[in-house]
Amino acid sequence: MLWDINLFQKMLSSNSKYIPRNGAILMAPLCKISDEIKPGPILLGALEMLCRIVPTWKLIPTKDMLDKVCKDPELRQQIRSNQYMYMENIPLKTGHQLLVAASEIEKNLHQTTMPFFVLHGGDDIVTNVSVSKLLYESASSYDKTLKIYPGMWHVLNGEAPDDVDLIFSDIKSWLDQRSIVN
Numbered sequence: 001m002l003w004d005i006n007l008f009q010k011m012l013s014s015n016s017k018y019i020p021r022n023g024a025i026l027m028a029p030l031c032k033i034s035d036e037i038k039p040g041p042i043l044l045g046a047l048e049m050l051c052r053i054v055p056t057w058k059l060i061p062t063k064d065m066l067d068k069v070c071k072d073p074e075l076r077q078q079i080r081s082n083q084y085m086y087m088e089n090i091p092l093k094t095g096h097q098l099l100v101a102a103s104e105i106e107k108n109l110h111q112t113t114m115p116f117f118v119l120h121g122g123d124d125i126v127t128n129v130s131v132s133k134l135l136y137e138s139a140s141s142y143d144k145t146l147k148i149y150p151g152m153w154h155v156l157n158g159e160a161p162d163d164v165d166l167i168f169s170d171i172k173s174w175l176d177q178r179s180i181v182n
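Using the UniProt record's numbering, read the sequence shown as starting at 1 and increasing by one per residue.
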């Protein structure tokens with residue numbers, strides 16, 4: 001799922017005036033492009049050049065990986081039937097900006113000072129678990145939690161009902177421990 005990566009960058013910055021610093025719950029965050037899929041310097045240079053000439057060309061292929069990231073068939077059907085779900089190739093400039101933003105986030109992980117809870121499926125093939133571990137190890141936050149769920153995939157709310165209950169119980173517990181009780 002793609003969302004505002006610039007907002008995520010701002011969220012990680014301790015100086016951001018846009019994001020509350022009370023805490024964040026992150027599920028398999030994109031903090032780095034995996035070295036296995038990151039383009040090499042020659043391909044990256046070609047991508048930068050093409051972005052200047054034809055930025056809107058949809059040349060970056062995307063795979064339908066939904067069957068490998070979400071175990072719940074009903075949720076997969078809902079996602080596939082969502083008319084707003086982007087299913088085309090990615091425009092060159094969008095792909096390039098994702099690479100740039102992920103690189104910037106990776107370089108600044110140490111600036112993460114707000115409390116956070118990272119949840120990650122142990123068998124996630126979209127965002128490598130090592131990325132969440134890198135965030136956890138690099139962040140300078142005094143209050144950080146990393147929970148890896150063995151055998152689970154990228155879409156944690158697409159797991160078996162008992163597993164989803166466990167995930168939301170962990171989230172609730174994390175929030176309860178940080179809540180002010182009147």
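Cβ coordinates follow ideal geometry from the N, Cα and C atoms, glycine included. Since this is a predicted model, take the numbers as computed values, not measurements.
{"Item": "Alpha-carbon to alpha-carbon, L119 and M27", "Value": "5 angstroms"}
{"Item": "Supposed contact pair W153 and K63 - C-beta distance, whole angstroms, cut 8 angstroms", "Value": "Not quite, the Cβ-Cβ distance comes to about 15 angstroms (not below 8 angstroms), so this is no contact."}
{"Item": "The segment 153-163 contacting the segment 133-141, beta-carbon criterion three pairs below 8 angstroms", "Value": "no"}
{"Item": "Under the three-state DSSP convention, the category W3 falls into", "Value": "The pLDDT assigned to W3 is 46, lower than 50, so where the model puts this residue is not dependable; a value taken from the coordinates is nonetheless given after this. Coil."}
{"Item": "CB contact flag (V126, I148, <7 angstroms)", "Value": "no"}
{"Item": "Boundaries (first-last residue) of the alpha helix (DSSP H) holding T94", "Value": "L92 to K107"}
{"Item": "Close Cβ partners of G151 (< 7 angstroms) along its chain, the five nearest in sequence each way excluded", "Value": "G122 and D123"}
{"Item": "8 angstroms contact criterion, which L59 and L92 should meet: CB distance rounded", "Value": "6 angstroms"}
{"Item": "Run of the alpha helix (DSSP H) containing V164, from where it starts to where it stops", "Value": "P161 to R178"}
{"Item": "Residues that DSSP places opposite L156 in a beta bridge", "Value": "DSSP lists no partner for L156."}
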